[in-house]
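In the numbering used here, the protein residues as written are 22 to 477. Using N, Cα and C, we set each Cβ at its ideal position, and we do this for glycine too. Keep in mind that this is a model prediction, so the values were computed, not measured.
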Ligand code: ARG
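In structure tokens form, the structure reads like this:
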């Protein structure tokens, strides 16, 4: 069948080339945005007397019928069409006759596709923000529950200082809070209306771009028509925010996987979010967390794909840009899926705080506090640090920990040591005394929780 753009050519295109060229397999998901955009366009054309108001209404009614028929399943997408824009226009003209052919006045598919993609991503951004909020709520709940549960904090994956599990969780809360901020911020740049840029140069018709933008809920219009049709920064930004979010989820996943291992045994995931092995009967694998970690790679791929596709493009529209959609759609779908399993996985995980405490007791993680004890008694920190290092080294040799080393032994290193050191190096003291803002004491953690709650 000849294309709607037949004219210059006969519009008959080789079958393989036609399939290659077509984007309807992936852009059909924007049918609603395409139709709503077209309705606003028709109404602008009518308001500006570019077409009569009767014609505008006929077009709008036709479009609204198409929308409800697609939604009810009465009209199915024809995947042999070139793209969703052509499909909708074609069905419209079949249904209402020649007046349907007036819809594309003062418009091009170049500004139309930019419009649809912006409207689509705007909605996806809102939905992602909502899902991050759900995850944050699960994290905060767990953090509050465990603001006094002591665990080893790590640097270099070596036990470093005692912290609380609540404090550790709140570090993730801060990341996800920034993610929300990032999506909210980029939405401002998505929400700029390109329609009316037409092919690239604007139009000779007396259009009202702001009328259309306002009707569709945009905050402003693209101020340069060439930029209007060639800008895909918003796709890059969206995918970039998805990548950063995935990086956060992936780091969290990595810890969940480690914590679930027999070597750590800090948490146990609910059966609902684990799998077994087909051969090893004892296995309980953290597949969901592993998949989130794995899928992070594909979202980075989506971002790099987009950036690479755009880097050499001359202005304005080039067909290369049709390749933007699969990347952003994949990033949005992946993030959605990951958030969907992540929030309940966190909400249902069992925290084995006795094991965390046990691990915290074994790694000399109160050595800094022992040094601080000597500082309190008047020794310069560097000297205190050296003495405590020697004590730790000797303890390891004789199989003791700081809590079990006798006071008589301590006194051999410095006569500043006395019985009250044991109180200072107890893990509870180490944690409770870290009251600095952002620190690990339960009251500091509660402040962090309250802060995030306030933001939500
Ligand atoms: N399917 C196309 C895309 O996604 C729509 C724009 C086509 N424009 C053009 N000049 N051929 O980019």
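How many angstroms separate the CA atom of residue i from the CA atom of residue j?
| i | j | result |
| --- | --- | --- |
| residue 337 | residue 222 | 9 Å |
| residue 143 | residue 444 | 56 Å |
| residue 37 | residue 106 | 21 Å |
| residue 342 | residue 57 | 22 Å |
| residue 466 | residue 377 | 18 Å |
| residue 248 | residue 217 | 12 Å |
| residue 389 | residue 434 | 16 Å |
| residue 371 | residue 207 | 36 Å |
| residue 270 | residue 290 | 16 Å |
| residue 308 | residue 280 | 14 Å |
| residue 418 | residue 464 | 37 Å |
| residue 425 | residue 415 | 13 Å |
| residue 382 | residue 460 | 20 Å |
| residue 374 | residue 411 | 31 Å |
| residue 40 | residue 154 | 41 Å |
| residue 173 | residue 393 | 18 Å |
| residue 75 | residue 311 | 58 Å |
| residue 124 | residue 195 | 48 Å |
| residue 219 | residue 245 | 11 Å |
| residue 199 | residue 193 | 10 Å |
| residue 293 | residue 287 | 18 Å |
Taking 8 Å as the cut-off, is the CB of residue i close to at least one heavy atom of the ligand ARG?
| i | result |
| --- | --- |
| residue 103 | yes |
| residue 134 | yes |
| residue 44 | yes |
| residue 251 | no |
| residue 125 | no |
| residue 78 | no |
| residue 254 | no |
| residue 338 | yes |
| residue 351 | no |
| residue 374 | no |
| residue 342 | yes |
| residue 49 | no |
| residue 346 | yes |
| residue 106 | yes |
| residue 230 | no |
| residue 129 | yes |
So what does DSSP say about residue i, is it helix, strand or coil?
| i | result |
| --- | --- |
| residue 100 | coil |
| residue 95 | coil |
| residue 146 | helix |
| residue 214 | strand |
| residue 302 | coil |
| residue 382 | coil |
| residue 243 | coil |
| residue 476 | helix |
| residue 38 | helix |
| residue 223 | coil |
| residue 114 | helix |
| residue 191 | helix |
| residue 461 | coil |
| residue 60 | helix |
| residue 238 | coil |
| residue 185 | strand |
| residue 365 | helix |
| residue 456 | coil |
What is the C-beta distance between residue i and residue j, in whole angstroms, given that I count them as a contact (C-beta under 8 Å)?
| i | j | result |
| --- | --- | --- |
| residue 344 | residue 330 | 5 Å |
| residue 313 | residue 385 | About 33 Å separates the two Cβ atoms, so there is no contact after all. |
| residue 203 | residue 265 | 7 Å |
| residue 157 | residue 197 | 5 Å |
| residue 359 | residue 268 | Contact doesn't hold; Cβ gap of about 12 Å is too wide. |
| residue 462 | residue 452 | 6 Å |
Should the region 152-168 be called in touch with the region 187-206, which here means at least 3 C-beta pairs below 8 Å? Yes, the region 152-168 is in contact with the region 187-206.
Taking contact to mean 3 or more Cβ pairs, one atom from each stretch, closer than 8 Å, check whether the region 109-126 and the region 134-150 are in contact. Contact between the region 109-126 and the region 134-150 is not established, with fewer than three Cβ pairs separated by less than 8 Å.
Answer yes if the region 50-62 comes into contact with the region 123-139, meaning at least three C-beta pairs across the two stretches below 8 Å, and no otherwise. Yes: at least three Cβ pairs fall under 8 Å.
Stretch-stretch touch, CB-based, cutoff 8 Å, three pairs: the region 232-241 with the region 319-335: Counting Cβ pairs under 8 Å, fewer than three are found: no touch.
Are three or more beta carbon pairs between the region 255-275 and the region 313-326 nearer than 8 Å? The region 255-275 is in contact with the region 313-326.
Touch check for the region 350-357 and the region 276-287: three-plus C-beta pairs under 8 Å? Cβ pair count under 8 Å is below three, so no.
Touch test, the region 55-72 against the region 222-233, Cβ-Cβ under 8 Å, three pairs minimum: Yes, the region 55-72 touches the region 222-233.
Are at least three pairs of beta-carbons, each pair with one atom in the region 208-216 and one in the region 397-409, less than 8 Å apart? Touching, no.
Would you check if the region 174-182 and the region 298-305 touch, i.e. whether three or more CB-CB distances between them fall below 8 Å? As far as the Cβ criterion goes, the region 298-305 does not touch the region 174-182, which means the pair count is below three.
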